[in-house]
Structure formats: C-alpha cells, structure tokens
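Numbering (our numbering), first residue to last: 15 to 244. All C-beta atoms, glycine included, are put in the ideal place defined by N, C-alpha and C. These figures come from a predicted structure and were not determined experimentally. The next block holds one structure in the form of structure tokens; read it before the comments.
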Amino acid sequence: MKKLFCLLAALALLAQPLRAAEEPKCYLALTFDDGPSGELTERLLEGLAERQVHATFFVCGYRIAEFPDTLSHIAAAGHEIGLHSSNHDYMQKMDYGTALRDLTGCAKAVEDACGVRAQLFRPPGGLYGDTLLSAAKDAGLSVILWSVDPCDWNEAAWDGVLPTVLSEAHDGRIILMHDLSAHSVTCALQAIDRLHAQGYTFCTVSELAALRGTALLPGEVYTGFPPLDG
C-alpha cells in the first residue's frame with residue numbers, strides 16, 4: 015500500500031508540469047506612436063529592457079530628425095519599427111503621389127538613422143482611404159491599427175489609461191500608446207507588470223502575427239490577431 019501511495023504521488027507530481035505546459039499562452043502587442051521623444055523614449059526603453067519586453071514603435075520622420083540616436087537605441091534593443099508618416103499629417107485625403115512620397119520619405123529617414131527597412135505603417139489618427147492603401151501597398155507596407163486605445167495622449171483621460179488597458183487587454187490584441195509623456199510611460203510599464211502577472215506575454219506586431227499564422231501583406235489593414243480558435 016505504501017509503495018502504491020508513493021507511486022501515485024510521483025505520478026501526480028509529474029502531471030503538474032505537463033498540465034502547465036499545455037496551458038495556452040496569451041499574447042499582446044504593445045505599440046507606441048508619435049516618437050521618438052528623446053528622454054521619455056529612453057526611459058521607456060530602460061523599463062522595457064528591465065521587463066524583457068519588445069514593443070513596436072511607429073515613428074514620425076520629423077521626430078527622427080530631432081532624435082536620431084534614440085531611434086538607433088530602439089532598433090539596437092530589438093524593438094520593431096514602423097512608420098507613422100513624415101510630419102503626422104492626416105493622410106486619408108492625400109493624393110497617391112503625395113502619400114507615396116510621405117511614406118518613402120519616412121522610410122528613408124528610418125533606414126538612414128538605424129539601418130532598418132520598415133515594413134509596417136500606422137496612419138495618423140488611424141484614418142485611411144483606398145488611395146492611401148494603394149500607396150502603402152506600393153511602398154511595401156502593411157497597415158497596422160489597434161484594438162485597445164486608452165487615449166493616453168489626452169491629459170483629460172489620464173485617470174482611465176491604466177484601467178482601460180487592463181480591462182480591454184485580451185489575447186491577440188494590439189495596444190495603442192504613446193511615448194510622449196511621463197504619465198504614458200509610467201502607465202505602460204505598470205500595465206506590463208499587471209498583465210504579466212495575469213499570464214500575458216508581450217511581443218511585437220510581426221511576432222504576434224506570425225504566432226497566429228497570419229502573413230502581413232502590403233496594403234492590407236490589421237487591427238489584431240485573435241486566437242486561432244476564434
């Protein structure tokens with residue numbers, strides 16, 4: 015009887031890590047718009063490194079001109095870099111030629127500063143039309159929107175930033191934030207800590223797409239990548 019008890023106990027212990035290994039992981043893509051922003055972005059990069067988290071940064075050309083070293087630090091840390099236009103002009107009503115010049119100009123600024131050839135684009139305000147999508151396609155850029163927006167750019171909404179991220183974060187979603195204020199940086203790092211504790215793993219947009227078996231196509235629009243079972 016004692017031998018049987020020991021055998022059952024051993025089997026129970028062996029089964030525990032097996033069950034844990036079979037638990038599905040939940041993934042989120044954390045993204046930051048409108049940078050780089052010098053000291054604020056550097057602070058964010060430090061916090062991400064401490065937490066071993068990679069994010070996707072959608073950057074503006076005029077910001078790159080101001081903070082080229084910060085963009086290099088983003089790339090060197092292993093984060094993904096996407097485009098957010100040259101001057102943060104709304105682009106949904108631009109003609110094809112103007113839109114394409116904007117995208118290629120921003121892409122050149124990124125490549126000149128850090129050697130990265132961007133493959134993702136987020137239009138300012140999330141606004142786009144068929145003409146902009148055609149320009150993005152011809153520039154080789156997939157269009158990435160979001161599925162969680164805490165409006166951290168709006169100081170009047172700051173009290174709700176962290177609660178919104180925590181309540182709306184679900185497997186496969188893309189979180190939109192900005193590296194433009196100390197409050198946003200603090201909330202982003204707090205959200206990572208809280209969501210890590212809930213079992214979430216953070217990755218870049220392209221990594222999340224790959225995990226879900228989605229090929230990112232130029233000119234196509236993506237708002238998130240839900241689990242394969244729906």
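ask   = Which class does residue 173 belong to by DSSP, given the choice of helix, strand or coil?
value = Looking at residue 173 - three-state DSSP - the assignment turns out to be helix.
inquiry  = Considering Cα atoms alone, identify which of 67, 64 and 85 is closest to residue 55.
reply    = 85
query = In or out: residue 59 buried (at least 16 other Cβ within 10 Å) or exposed?
reply = buried
query = Residue range of the alpha helix (DSSP H) that residue 64 falls in?
reply = 53-65
ask   = Helix or strand or just coil, what does DSSP make of residue 98?
value = coil
ask   = What separation, rounded to the nearest whole angstrom, lies between the Cα atoms of residue 210 and residue 185?
value = When rounded, the separation of the alpha-carbon atoms in residue 210 and residue 185 is 12 Å.
message = Which residues does DSSP list as the beta-bridge partners of residue 49?
response = For residue 49, which the question treats as bridged, DSSP gives the partners 73.
Residue environment, residue 137, which counts as buried when at least 16 other CB atoms sit within 10 Å = buried
message = Quick check on the DSSP output: the alpha helix (DSSP H) that includes residue 118 runs from which residue to which?
response = 110-128
request  = Pull up the distance between the alpha-carbon of residue 241 and that of residue 221, whole angstroms please.
outcome  = 14 Å
query = Is DSSP giving residue 140 helix, strand or coil here?
reply = helix
request  = For residue 172, collect the residues of the same chain with a Cβ closer than 6 Å to its Cβ; drop the 5 residues on either side in sequence, then sort them by chain order.
outcome  = 197
message = Let me confirm a value: residue 50 is counted as buried when at least 16 other C-beta atoms fall within 10 Å, else exposed. Which label applies?
response = Result: buried.
message = Quick check on residue 121: buried or exposed, where buried means 16 or more other Cβ atoms within 10 Å of its Cβ?
response = buried
ask   = If you draw a straight line from the alpha carbon of residue 201 to that of residue 164, how long is it in whole angstroms?
value = 10 Å
ask   = Between the Cα of residue 130 and the Cα atoms of 143, 232 and 97, which residue gives the shortest distance?
value = 97
request  = Return helix, strand or coil for residue 91, following the three-state DSSP convention.
outcome  = coil
task = Evaluate residue 207 with the Cβ neighbour count: other Cβ atoms within 10 Å of its Cβ, from every protein chain shown; 16 or more gives buried, anything less gives exposed.
result = exposed
ask   = Can you name the start and end residues of the beta strand (DSSP E) that residue 9 belongs to?
value = Because the chain here runs from 15 to 244, residue 9 falls outside it and cannot be looked at.
inquiry  = By alpha-carbon positions, which one of 132, 226 and 161 ends up nearest to residue 154?
reply    = Selected option, being the one with the closest Cα: 132.
task = Quick one: using the 10 Å Cβ neighbour count with 16 as the cut-off for buried, is residue 214 buried or exposed?
result = Under the 10 Å beta carbon count, residue 214 is surrounded by 16 or more other beta carbons and is classified as buried.
Pick from 177, 169 and 181 that is closest to residue 194, judged by C-alpha positions = Nearest C-alpha to residue 194: 169.
ask   = In its own chain, which residues sit with a C-beta less than 6 Å from the C-beta of residue 92, not counting the 5 before and 5 after it?
value = 68
key: Assigned exposure category for residue 238 - 16 Cβ within 10 Å defines buried   = That one is buried.
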